[in-house]
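Participant: The end of the sequence shown is residue 237 by this note's numbering, with every number in the run present. Handing you this structure, nothing more for now.
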Amino acid sequence: MADSKIVIRVIRRLGQEYSKKGDMDFGNAKDTLIAVLLSAQTTDKQVLKIYPAFQKQFPTWKSLSEADVREIEKSIHTIGLYRSKARAIKKMAKMIRDEFKGRVPATMEKLVTLPGVGRKTASCVLTYVFHEPAIAVDTHVSRIAHRLGWAKGNTPEKVEKELMALVPKKEWMEINRVFVQFGRDVCVGGKKPKCWKCPVAKWCPYESKIGEPER
Ligand code: SF4
């Protein structure tokens, strides 16, 4: 298991390399929450494609709470699981209107009571919008944490717990943002991470590191 000094070095080094904000970080709670929810089982690209029209059609929680669920479905029909997501968004809009005075709650405990919201979505909202420490474990975070030897767990919840125990709290917010970009660019899924151009290779114990392919 890595020590926390190495963990900090890895996160900071990757932070220098990947400075872009998260694709689903819309800078406000409503749009970030809905976009992250939509992005489950779908690429961020797909969400970014439909989101401007969706945002225009449903600019407020009120408009979403009063919308016919079929209108919401129509607006997101290119997104995976769009029917269940449309139902969740409508229920969520009603709950935010009726129980949270029209504002997205800013704690993990309350966020996960919203329909369709699990710990990963809640963690993205907490870090992106409220700048609260949380670790959103998605497929990139989980894969990279395993390769770096930071986690062994086989569920996102177990990996989240392991990372919380290992990574100093002040670094939590960076993990999802930098690992997602690093995971798309270098430490990619499948059997061929591009280890020859990895800026943190010297701190990585992954036994199947891949050298530069011959040209
Ligand atoms: S050395 Fe390879 S496996 Fe390890 S973090 Fe870098 S890209 Fe990923």
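All C-beta atoms in this analysis are idealised placements derived from N, C-alpha and C, irrespective of residue type, glycine included. Note that the structure is predicted; figures quoted are calculated from it, not measured.
What is the C-beta distance between residue 172 and residue 184, in whole angstroms, given that I count them as a contact (C-beta under 8 angstroms)?
Facilitator: With 8 angstroms as the limit, residue 172 and residue 184 qualify as a contact, their Cβ atoms being about 7 angstroms apart.
Participant: Go ahead and label residue 179 buried or exposed: buried means 16 or more other beta carbons lie within 10 angstroms of its beta carbon, across all protein chains shown.
Facilitator: exposed
Participant: Confirm the yes/no value for this check: CB of residue 169, any heavy atom of ligand 1, distance under 8 angstroms.
Facilitator: yes
Participant: Under the three-state reduction of DSSP, which class applies to residue 90: helix, strand or coil?
Facilitator: coil
Participant: Distance, Cα to Cα, residue 86 vs residue 26?
Facilitator: 44 angstroms
Participant: Using 10 angstroms around the beta-carbon of residue 167, count the other beta-carbons present and answer buried if the total reaches 16, otherwise exposed.
Facilitator: buried
Participant: Give me, in chain order, the residues of the same chain whose beta-carbon lies closer than 7 angstroms to that of residue 89; leave out the 5 immediate sequence neighbours on both sides.
Facilitator: Within the same chain, residue 89 has close Cβ partners 80, 112.
Participant: Go ahead and pull the three-state DSSP assignment for residue 146.
Facilitator: helix
Participant: Can you tell me whether DSSP reads residue 249 as helix, strand or coil?
Facilitator: The structure shown does not extend to residue 249, since the chain is modelled only from 23 to 237, so the question has no answer here.
Participant: For residue 197, which of 153, 224, 96 has the nearest alpha-carbon?
Facilitator: 153
Participant: Would you say residue 64 and residue 103 are within 9 angstroms of each other, going by their C-beta atoms?
Facilitator: Contact annotation: residue 64 and residue 103 have beta-carbon atoms nearer than 9 angstroms.
Participant: Return the residue from the list 128, 49, 170 that minimises the CA-CA distance to residue 30.
Facilitator: 170
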